[in-house]
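Heads up, the thing below is written out as structure tokens.
Numbering (my numbering), first residue to last: 7 to 952.
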């Protein structure tokens, strides 16, 4: 107060100062955050330029997909910095990626951006630049990509209607008829948003308009117009299914539909034409079926799925509502269109989906009487088979014994049939009694009455069961089956340009081509039904199955379904049919290219690819298809060796290349079955065939390897010191391979480097030799066979006389002995080899003792070890396959000696090893004398080891 400043002024000054300080503090925080933000942006830019720019083109598709997914998240969460054309262009370029998963990530990333309408203005340039690519991706070969492309276009449609041209929209419209349901559903949503999003607004407080005045009236008309313009009149069920999820309320407005058909148009409203009324009735029938059955039409579903409780309740409510509506509206509709066969046929199918109990609980019996009267009148007016069959089915659907209306319907049907039979008898009697020739009117009356009786009788037989239809089954003879097959081949499996069905200058008309394709598909489906229902032989399907690859786009689904059905009927016969189709193609290829064809030719590769596709159809359950796959291999082997070479012995059989095709099915064999098939293959082979390594014998080698791969894993002999690069040379020369060891070795070596082969059958019935060769002979044979990469298990017959081994008893040559069967021959050979192995084991034990003593002495002399020291630790000294070291037994010079030893943890374990643990190939023979040269070499070995 003494300063003349009041308290209020001080308070104001303090508040001003406080605000000033807060402002400075906030400015400081803002600057700090701005600096942090700039630093973060710089770091993100560094990451983008250092990682993304390089990895979005990575060779691995998964990395490319992750990169695009992350940049999409950046643009969505931090749009101010990254949502611009500098970053969007990478997503646009990657939409051309060859991998579907990468293209899919591009579309999902863009969906997250287009979903936010606030970001649409920043996407205008990108949309105009890459719109055509997105539209083309609706036809992507990967269905998941196509679905997401359509959904992205739907989001683009939300943002603005001006971006997509009418041509762009039409390319999506026709996908509502796609057989792949997710694609069709996505296209239906796009169609609904485009054509049905504009609905007349209803005034508040005004009564709800119903029937013809309903807001859905114009939308239903639009649906009819779209269906007619698509010109695919047989696919109304597909259109309804595509629109069901997005426009179910519109499609279930049956009251509006019946009003459009029955009520007169209001002034100024254009009435529906006859063609439009027919289309509306067909669409109405499809919506009723979809609501009652709750599953997609044929070809769009993988089977009936389990409905939820909510779906079941909706189904019951829809059936109740449709029955209450059409029980009243159906008789007037039939009365109005009773003359039109097409409309009446569709309308008569509606009662099949009724809840018949509603007729009683809703007291609608009078409407039932009206319906029965209309059906009777229609039967009397029409002679078309389709109309009469529809009437018969309607009577059958209404005459259900579980409902109280059964007696009423059954009496009406019986009266109608009795009247028709009486009329026919009367007309026939008059027809016969007339002496003069009957006129056309009498003939028409008799035939029309007979048609009506026949329609009701046929349906009664069909509904009566299989027993009543068996006398009507006709079994075609072989000549007729041949004519049927020839008709299918000449009228179905033809190129589009060769189809001359269209006339009046419509050859190039796309609609005419589609119609012609539908006719050919119907013909093929009809013939395939004959195969499935065992009217024609299943093996005639070989001519159909072999066209699977060539006409995959046109008939692939029909052929694949036929293969599936025939496999369910008879797995073995189906497999024989598949292999027969491959044999037919092989014959056709040989007749076109000759016997010396190139296995890399497109024709042969096409047959192999077809075999691979056939193999995939057997699935993963090898137990279920075990017999079928085995039979397939049996027939294929017999076919390959059926025709001998026209060039004489020593040349491959004429069809040997077929084994290369047959190997596509080897992966479907169980492990134990591979051994069985391999044994069956050896029945057809001679001993000389196993020696061949020329290119013409490669199919046999490849097929044998496919049977041996993984076939004997459970009996594989594990040899100490065996490296992944192959067995040691000494092991190959001194150890005879057992069947299991030989077959298992093929799992790790390709046929080019294969040295150990499964023993094959000796030429039967004559046995050329009765003794095993000695070790020296085996070594010499191995040395000679090293160049041609073959080491035979048994010696080849030779003109030169062989001397028996001292440990082997001489055998009398079997010159005039009776032929020996295969099993006896192999048993004798195995017994001889076991005796030889026992002898060799004894010799190796003695050699081991000598070698061990000399080796220890040489090592101690070279290094000056104390007597109490144990031998040095040597873990695994593997034989080098690169040096091709020779055995000491052959007395050749060498620089180093390799000894195969098992792994050991300590020195005492190594000192207690027994001779049995060593690889026999690494043991020296008795004939080796350890002189001063050997000691010198052992000193060098010690230097290598230490």
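Quick reminder that beta carbons are idealized off the backbone N, C-alpha and C, glycines included.
The DSSP-derived three-state label of residue 295 is helix.
Using a Cβ distance threshold of 8 Å, residue 660 and residue 616 do not count as a contacting pair. Note on the segment 359-440: there is no whole beta strand (DSSP E) run with a minimum of 3 residues.
Closest by C-alpha distance to residue 259, out of 477, 851, 220, 564, is 220.
Taking C-beta atoms under 8 Å as the contact rule, residue 246 and residue 257 qualify, at a distance of about 6 Å. For residue 200, the secondary structure class from DSSP, reduced to helix, strand or coil, is helix. Residue 664 sits in a helix when the DSSP states are folded into three classes. Contact between the segment 122-133 and the segment 174-187 is not established, with fewer than three Cβ pairs separated by less than 8 Å. Per DSSP, residue 500 lies in no alpha helix (DSSP H) and is assigned neither H nor E. Here residue 329 has 360, 361, 364 as same chain residues with Cβ atoms under 7 Å from its own Cβ, once five neighbours each way along the sequence are excluded.
Rounded to whole angstroms, the gap between the alpha carbons of residue 447 and residue 498 is 42 Å. Residue 592: member of the alpha helix (DSSP H) spanning 577-599, first to last residue. Comparing alpha-carbon positions, the option among 482, 526, 517, 477 lying closest to residue 501 turns out to be 526.
Rounded to the nearest angstrom, the Cβ distance from residue 342 to residue 268 is 7 Å, consistent with a contact under 8 Å. Rounded to whole angstroms, the separation of the alpha carbons of residue 158 and residue 30 is 48 Å.
Residue 119 is positioned such that its CB atom lies no closer than 8 Å to that of residue 79. Residues of the same chain with a CB within less than 6 Å of the CB of residue 481, apart from the 5 flanking positions on each side, do not exist. In the displayed model, residue 515 falls within coil according to three-state DSSP, outside both helix and strand. The residue from 244, 382, 491 with its alpha-carbon nearest to that of residue 462 is 382. Just measuring C-alpha positions, the residue of 201, 218, 496 sitting nearest residue 232 is 201. Relative to residue 241, the option among 366, 305, 218 whose CA is nearest is 305. Per DSSP, the continuous alpha helix (DSSP H) segment holding residue 73 begins and ends at 67-83. For residue 226, the enclosing alpha helix (DSSP H) has its first and last residue at 222-236. For residue 150 against residue 98, the beta-carbon gap comes to about 20 Å, at or over 8 Å, which does not count as contact. DSSP places residue 99 inside the alpha helix (DSSP H), whose first and last residues are 91-100. Taking a C-beta distance under 8 Å as the contact criterion, residue 592 and residue 613 qualify as a contact pair.
As the crow flies, the alpha-carbon of residue 694 is around 10 Å from that of residue 655. Counting along the chain, the unbroken alpha helix (DSSP H) around residue 150 starts and ends at 149-165. Exclusion of the five residues before and after residue 147 leaves 106 as the residues of its chain whose Cβ lies within less than 8 Å of its Cβ.
Less than 8 Å divides the Cβ of residue 67 from the Cβ of residue 108. Looking from the CA of residue 248, the closest CA among 192, 236, 155 belongs to 192. Within a 10 Å sphere around the beta-carbon of residue 850 sit 16 or more other beta-carbons, which makes this residue buried. Taking residue 409 as the centre and dropping the five residues before and after it, the same chain places the C-beta of 362, 363, 365, 366 closer than 8 Å to its C-beta, in chain order. Contact between residue 457 and residue 389 is confirmed by a C-beta separation of about 5 Å, below the 8 Å threshold. Just so you know, the alpha carbons of residue 298 and residue 548 end up roughly 40 Å apart.
Annotation for residue 703: no alpha helix (DSSP H) segment contains it, and DSSP assigns it neither H nor E.
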